[in-house]
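J.: Quick one: structure below, then a few questions.
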Amino acid sequence: MATIAIDRTAKQIVLAVQDYSLFAWRAVLNLFRPPVYWTDFLMQSDIIGVGSLPIVILSGFFTGGVLALQSAATLSEFGATAVTGQFVGLTMIRELGPVLTGIMVAGRNASSMASELGSMVVTEQIDAMRALGVDPMRKLVTPRIFSSIAMLLLLTIVADAFGILGGAAVTVLISHQNGTQYLNSAYEHLRYSDIIQGLTKPLFFGYLLGSIGCFYGMRTTGGTEGVGRSTISAVVTSSVLIIAVDFVITHILLTIFPT
Amino acid sequence: MSDTSISAAQPPAGEQEAGPVVALRGVSLDFDGPPVLEDISFSVASGETRVLLGPAGVGKSVLLKLIIGLLRPRKGTLHLFGEDISTLPEERLFPLRARAGMVFQESALFDSLTVRDNVAYQLIQERVPDGEIDTRVREALSFVGLEETFSLYPASLSGGMKRRVAIARALIHDPELILYDSPTGGLDPVTSTTIIELIVKRRDVHATPALLVTHRLQDAFTLCNHRFDSEQNCMVPLPAGETNPNTTFLMLEEGRLILDGSLDELLHSDNKFVREFLE
Chain A
1 MATIAIDRTA KQIVLAVQDY SLFAWRAVLN LFRPPVYWTD FLMQSDIIGV
51 GSLPIVILSG FFTGGVLALQ SAATLSEFGA TAVTGQFVGL TMIRELGPVL
101 TGIMVAGRNA SSMASELGSM VVTEQIDAMR ALGVDPMRKL VTPRIFSSIA
151 MLLLLTIVAD AFGILGGAAV TVLISHQNGT QYLNSAYEHL RYSDIIQGLT
201 KPLFFGYLLG SIGCFYGMRT TGGTEGVGRS TISAVVTSSV LIIAVDFVIT
251 HILLTIFPT
Chain B
1 MSDTSISAAQ PPAGEQEAGP VVALRGVSLD FDGPPVLEDI SFSVASGETR
51 VLLGPAGVGK SVLLKLIIGL LRPRKGTLHL FGEDISTLPE ERLFPLRARA
101 GMVFQESALF DSLTVRDNVA YQLIQERVPD GEIDTRVREA LSFVGLEETF
151 SLYPASLSGG MKRRVAIARA LIHDPELILY DSPTGGLDPV TSTTIIELIV
201 KRRDVHATPA LLVTHRLQDA FTLCNHRFDS EQNCMVPLPA GETNPNTTFL
251 MLEEGRLILD GSLDELLHSD NKFVREFLE
């Protein structure tokens, strides 16, 4: 019995991965074949980008502040508090900015996409759309995925900027250090490779959270309870995958741009 | 077909000569379990209205979704507008689906759009000018008697009103085939009659071929025994003993087609299941 259960679960996982790959690939191809729904792309960009701005600003600012607090305590033991800016800047831009923004936006938007599309599936609105001759993949999925990519890139830049500002606020107001020194340290040690690393990741994370949110939404079964399950699965899967993919991308980028 | 049938809203001769709008041959379907539909064969000709009868859960709605290509048959061939859609890629199905109209069981209106945008959904996608959209939406809403709902959202409509808006949405594109999935299910008798009247009106005024799924015999009989009087602008009963010749019946029993014929054949069937259903 156990072997049968393992066999069935393994098949389900392989099938789900296969379905997801085909789904994600179709969404990409749709961008290069008409009709492309640009209005929906702009509407989704507003929902994902502008709508996520407050949480990204707040989380970025306080993460930068915490980094400055923690690093100042450790660095002061070595008399190196002057490099707090470098530490906060590099950590935010290379790692925490993209990952934190990815997870925050996944929590807000992957869940929203899964529940919205899931509700449309269980109330037959997706079938109605198909019956009216409109492809839901083109109309609903592709705009959401590409808006997620574009907006996550911009939101990451915002999170980086507010993270560095948060660090500056802590450095000046709590650690009573020189703000100019902090900002100079953050700026001077920044290289193009760091920025490339920091801005490559959101492209992958945006694609992941958008495609996973839509994938779970479009696969919803089982009524309103199913919508809840899809929403949870979308948030959990996209958040875990963002961290896992971050590891892989970081490894590859560090090989390309060694420190 | 009954000898007492009257001739009503015959489609043009050219359309009669053309092949059936829908043709199923040996269609079977399952969802990784026992068969939902097995060896189904029938067709819908131009100008014909077919009433698909059967109790809940026998696969009537699934059959409608197969016909419009929302599901794929496991076996058999399914022709829609002369094209075999059983293996047709999804992308090539969209233009075919756009030629048909479907009224879903629970209306399936887009809850984030107004009635105007719901009814005009296809026109908006085709980038028809706003002025023309408004005119055509008002015409379609006038057909179902709901002009006043133009700017409302589906949440503020009753079940019967939603069903009528769904009919307007299905009709605005002047479809070549209409599929009604239990259009009167869960509605009160007065609203049900209003909806059946709309279906009769569409049948008799435009002669649009249709497939109507229902488990309500009274709806089926009303369709067969009434005609739309354009002068009085209402549905009137046919003289006693007369039936609409273009309205015929199908019946499903646990995924199998057990009847394909006229009202007369339905009423005089020897099949035990049909007898029980009628009684």
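The listed protein sequences correspond, in order, to chains A and B.
Numbering-wise (the working numbering), the first sequence opens with residue 1 and increments by one.
Numbering-wise (the working numbering), the second sequence opens with residue 1 and increments by one.
Glycine residues also receive a C-beta, built at the ideal position from the N, C-alpha and C atoms.
(1) Relative to the C-alpha of B/T193, which candidate in B/R127, B/F277, B/E279, B/L223 has its C-alpha closest?
(2) Hey, does A/V17 have any beta-carbon neighbour from chain B nearer than 8 Å?
(3) Does the Cβ-Cβ distance between A/G64 and A/L183 come in under 8 Å?
(4) Taking B/P95 as the query, report the chain A residues whose CB atoms sit under 8 Å from its CB, ordered along the chain.
(5) For B/Y153, which residues in chain A fall below 8 Å Cβ to Cβ?
(6) Hey, could you find the ends of the beta strand (DSSP E) B/V103 is sitting in?
(7) Please classify A/E124: is it buried, with 16 or more other beta-carbons within 10 angstroms of its beta-carbon, or exposed?
(8) Compare the C-alpha of A/G179 against each of A/A169, A/E188, A/Y187 and name the closest.
(9) What does a CB cutoff of less than 6 Å around B/E197 pick up in its chain, not counting 5 residues either side in sequence?
(10) Determine the burial state of B/D219: buried for a count of at least 16 other Cβ atoms within 10 Å of its Cβ, exposed for fewer.
(11) Nearest to B/T87 by alpha carbon, out of B/S151, B/H206, B/V27, B/T247?
(12) Closest by CA to A/A131, which one among B/L152, B/R97, B/T149?
(13) Give me whichever residues DSSP pairs with A/P258 in a beta bridge.
(14) Who does B/V236 pair with in a DSSP beta bridge?
(15) 8 Å is my cut-off, CB to CB: does A/E264 come that close to chain B?
(16) Closer than 9 Å, Cβ to any Cβ of chain B: which residues of the region 71-96 of chain A, in chain order?
(17) Quick check on the burial criterion: 16 or more other C-beta atoms within 10 angstroms. Buried or exposed for B/P239?
(18) Would you say A/A10 lies against chain B (beta-carbon separation less than 8 Å)?
(19) Spatial neighbours of B/E280 within its chain, please: C-beta separation below 7 Å, excluding the five flanking residues on both sides.
(20) Residues of chain A with a CB under 9 Å from the CB of B/L70: which are they?
(21) Kindly provide the ranges of any beta strand (DSSP E) runs that are 3 or more residues long and lie completely inside the region 49-87 of chain B, ordered along the chain.
(22) Would you list the one or two residues that DSSP bridges to B/V44?
(23) Is B/S151 helix, strand or coil by DSSP?
(24) Who are B/V213's beta bridge partners in DSSP?
(25) Using C-beta distances below 8 Å, list every residue in its chain close to A/T81, excluding the 5 sequence neighbours before and after it, in chain order.
(26) Leaving out five residues before and five after A/S21 in sequence, what residues of the same chain have Cβ atoms less than 6 Å from its Cβ?
(27) Verify whether the separation of the beta carbon atoms of B/R256 and B/T49 is less than 8 Å.
(28) Starting from the C-beta of B/P307, find all residues in its chain whose C-beta is less than 8 Å away, skip the five residues before and the five after it, and write them out in chain order.
(29) At what residues does the alpha helix (DSSP H) containing A/L75 begin and finish?
(30) Counting only Cβ pairs nearer than 8 Å, list the residues of chain A close to B/Q296.
(31) Please identify the residue among B/Q125, B/V205, B/E265 whose C-alpha is closest to the C-alpha of B/P95.
(32) State the start and end residues of the unbroken alpha helix (DSSP H) segment that holds B/T194.
(33) Short of 7 Å in beta carbon distance, which residues of its chain neighbour B/L263, apart from the five on each side in sequence? Order them along the chain.
(34) By the criterion of Cβ-Cβ separation under 7 Å, what are the contact partners of B/F110 in chain A?
T.: Let me lay it out:
(1) B/L223
(2) Cβ-Cβ to chain B under 8 Å: no for A/V17.
(3) no
(4) G133
(5) Within chain A, no residue comes near B/Y153; the closest Cβ sits about 14 Å away, beyond 8 Å.
(6) 100-103 is the extent of the beta strand (DSSP E) around B/V103.
(7) buried
(8) A/A169
(9) M235
(10) buried
(11) The shortest Cα separation from B/T87 among B/S151, B/H206, B/V27, B/T247 belongs to B/V27.
(12) B/R97
(13) A/P258 is not bridged to any residue.
(14) B/R227
(15) The structure shown does not extend to residue 264 of chain A, since chain A is modelled only from 1 through 259, so no value can be given for it.
(16) Taken residue by residue, none of the region 71-96 of chain A has a beta-carbon sitting less than 9 Å from a beta-carbon on chain B.
(17) exposed
(18) no
(19) In this structure chain B extends from 1 to 279, so residue 280 of chain B is not present and cannot be described.
(20) Within chain A, the residues near B/L70 are D127, R130, A131.
(21) 49-53, 75-80
(22) Beta-bridge annotation (DSSP): B/V44 is paired with B/V22.
(23) coil
(24) B/L52, B/D181
(25) A72, L75, S175, Q177
(26) none
(27) No, these two residues do not count as a Cβ contact at 8 Å.
(28) In the structure as shown, chain B starts at 1 and stops at 279, and residue 307 of chain B therefore has no counterpart that could be examined.
(29) Counting along the chain, A/L75 sits inside the alpha helix (DSSP H) bounded by residues 51-77.
(30) Outside the shown range of chain B (1 to 279) lies residue 296 of chain B, about which nothing can therefore be said.
(31) B/Q125
(32) First-last of the alpha helix (DSSP H) with B/T194: 189-206.
(33) S2, C224, T243, F249
(34) Per Cβ cutoff of 7 Å: Q125.
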